[in-house]
Amino acid sequence: MAYISNRISHYASNFESLRNLSEKSAQYRLTSDRLINGRRFPELSAYRTQLSEVLTYQRTVDRAKKDATRINKVLAITNAYEIALRPAEAGSLGASRVEGLQGYLEPLLQIVREGLQPGVDVEKWQNDNGQGDFDNRLRAIQTLLNTKVGERYIFAGRRYNEGPPVRDLTGLTDNVKPPLPSAATYQDFINRNLLVNNSNSVADHDRDALAVPTGATGAVIYTAHLTSVLQVEDTQSIEYGVSSNTEPVNQLILAARLIKRALELAPVPASVADRQALLNDAEGYLDSSLNGLRQLRQRSARVVATLQVAQARQLEVEITTQTLADRITSIDATQAGVELSALAQQFSATLQTIETRNSLSLANIL
Numbered sequence: 023m024a025y026i027s028n029r030i031s032h033y034a035s036n037f038e039s040l041r042n043l044s045e046k047s048a049q050y051r052l053t054s055d056r057l058i059n060g061r062r063f064p065e066l067s068a069y070r071t072q073l074s075e076v077l078t079y080q081r082t083v084d085r086a087k088k089d090a091t092r093i094n095k096v097l098a099i100t101n102a103y104e105i106a107l108r109p110a111e112a113g114s115l116g117a118s119r120v121e122g123l124q125g126y127l128e129p130l131l132q133i134v135r136e137g138l139q140p141g142v143d144v145e146k147w148q149n150d151n152g153q154g155d156f157d158n159r160l161r162a163i164q165t166l167l168n169t170k171v172g173e174r175y176i177f178a179g180r181r182y183n184e185g186p187p188v189r190d191l192t193g194l195t196d197n198v199k200p201p202l203p204s205a206a207t208y209q210d211f212i213n214r215n216l217l218v219n220n221s222n223s224v225a226d227h228d229r230d231a232l233a234v235p236t237g238a239t240g241a242v243i244y245t246a247h248l249t250s251v252l253q254v255e256d257t258q259s260i261e262y263g264v265s266s267n268t269e270p271v272n273q274l275i276l277a278a279r280l281i282k283r284a285l286e287l288a289p290v291p292a293s294v295a296d297r298q299a300l301l302n303d304a305e306g307y308l309d310s311s312l313n314g315l316r317q318l319r320q321r322s323a324r325v326v327a328t329l330q331v332a333q334a335r336q337l338e339v340e341i342t343t344q345t346l347a348d349r350i351t352s353i354d355a356t357q358a359g360v361e362l363s364a365l366a367q368q369f370s371a372t373l374q375t376i377e378t379r380n381s382l383s384l385a386n387i388l
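Throughout, my numbering is defined as the position within the sequence shown, counted from one, plus 22.
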């Protein structure tokens, strides 16, 4: 009977030790996983009473990351406007480097003022600014206005994914043919291209000018003027964008077309009045355009500053909220390491106990 009793006691003790080993092993695996992943539990459901708080923090962090990504994309576009609106800047060896619309406008203004000089040699003035050279200036302006950042044509208004906004500036059909048409026809040409009394239309240089009748209203025309809006945190709206139909751009292109016509007039006394009329108007539009382009560039700089502040705020929200979430979900690596070491020692001690018990048990002796 004593033998049976000893065997039962032996098995019961070993069973308890094995159960203890199993528990320690599970704790060891959990603590080891915590140490590797830095989290108290691998699954959110394990946080129980704190689950709602953890999920709220996670949603806030995810939203901040998404807003930051969208802000970065808009920053790239807005920085592109800043470059596209620049004046000419000094390049290497003192040469002038043209980078933006102001840089293309300033030489046009110089051409006009030379053409308006008393006693100007008209033939030389025309040869110095020949048709081929002037068309290259128009193509440069056209290329700049058709700038693409990523998949977006940045001067196309809200049609930014539909194609380049500006058509061939060298091939526009003009109503300003020498000699000048009637005053009414000329004024209609000016009004149409400056969108006077018709801000929902587009100028001749716009790619939709031929697709939609002059003066018509509709989604195609309307979206040509609209700037874009970035919504941040559902509380802040940041407007950005410059359309190729904005007034300073229209004035620049209109002035260039007037200069082109002035260059085409025959260098004879009969053309003097027409040439001066064209160049005087062109000078006025270029002056207005220059002021307008400067204002657009300043506005773009302000938008960049606003976006940078919003970007910094999203980063702060992400870091602060993640810190709050980590206080719930994260572990102290040093503490986890100590717990892991203690569990290993307990595990070893339990194995030693089983080994000692087995070596001393009556069942083993018998």
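Idealized CB from N, CA, C, for every residue including glycine.
By the Cβ test, the stretch 319 to 337 is in contact with the stretch 94 to 103, since at least three Cβ pairs between them sit closer than 8 Å. CA-to-CA, the gap between P270 and A292 works out to about 32 Å.
Each of G263, L346, R283 and V294 was checked against the Cα of L315, and the nearest Cα belongs to G263.
Note: I260 is bridge-paired with L252 in the DSSP secondary-structure output. Cβ-Cβ separation between N272 and L308: approximately 12 Å, too far for a contact (criterion under 8 Å). In this structure, L107 sits near S322, with a CB-CB distance shorter than 8 Å.
Following the DSSP letters along the chain, one finds I133 inside the alpha helix (DSSP H) bounded by residues L123 to G137. With respect to V171, I99 sits close: the two C-beta atoms are nearer than 8 Å. Counting C-beta atoms within 10 angstroms of its own C-beta, T207 has fewer than 16 neighbours from the protein chains shown and is therefore classed as exposed. Secondary-structure assignment with DSSP links Y175 through a beta bridge to K170. Your pair N101 and V294 does not check out as a contact, with CB atoms roughly 46 Å apart and the cut at 8 Å. Taking 8 Å as the cut-off, the Cβ atoms of I275 and I163 count as close. Remark: C-beta atoms of R229 and R189 approach each other more closely than 8 Å. A straight line joining the alpha-carbon of R85 with that of E255 spans about 8 Å.
Distance between A205 and K88, taken at the CA atoms: about 56 Å. Its Cα nearest to that of R279, the residue L160 stands out among N151, E338 and L160.
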